[in-house]
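S.K.: For the sequence shown, numbering that gives the first Met the number 0 gives the first residue as 0, with consecutive numbering after it.
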Amino acid sequence: MNYIKPFEELCFYDDFMFGVVMQNKDICKEALECMLGFKIDYLKYVEPQKTIEPLYTVHGIRLDVYVKDSNRIYDVEMIW
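Set out below in structure tokens:
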């Protein structure tokens, strides 16, 4: 039987909570600026659990959080 952690016990680094929190563009922008050490003008697009499946003959990937700003793409992964 799988253990399901109660919502009240979820932390930022839990997969579900990480995706929910990082969907907020203001929080995501601030976290990226803090981690990367430079300012970001604005975020155009934030998508948690983005799946990329390039061809039917190869395995796809899933990104924890996929973010685009005016000229960059960020793959934000939670490593725990």
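Heads up, the beta-carbon is just placed ideally off N, CA and C, and yes, glycines get one too.
(1) Can you tell me where the beta strand (DSSP E) holding isoleucine 72 begins and where it ends?
(2) For the alpha helix (DSSP H) holding aspartate 13, just list the boundary residues, first then last.
(3) Using the DSSP secondary-structure output, state which residues sit across from threonine 50 in a beta bridge.
(4) Which residue wins for smallest C-alpha separation from arginine 71, given the options Leu54, Leu35, Val57, Ile78?
(5) Per DSSP, what kind of secondary structure is glutamine 4 in: helix, strand or coil?
(6) How many whole angstroms separate the CB atoms of aspartate 63 and glycine 18, which I take to be in contact at a CB cut-off of 8 Å?
(7) 8 Å is my cut-off, CB to CB: does serine 69 come that close to chain C?
(8) Can proline 47 and methionine 21 be called in contact, C-beta distance under 8 Å?
M.R.: Taking the coordinates as given:
(1) 72 to 75
(2) From DSSP, aspartate 13 is part of no alpha helix (DSSP H); its letter is neither H nor E.
(3) Arg61
(4) Leu35
(5) Glutamine is not the amino acid found at residue 4; the sequence shown has lysine there. Lysine 4: coil per DSSP, three-state reduction.
(6) 7 Å
(7) Checking the listed chains, one finds no chain C in this structure; it contains a single protein chain.
(8) yes
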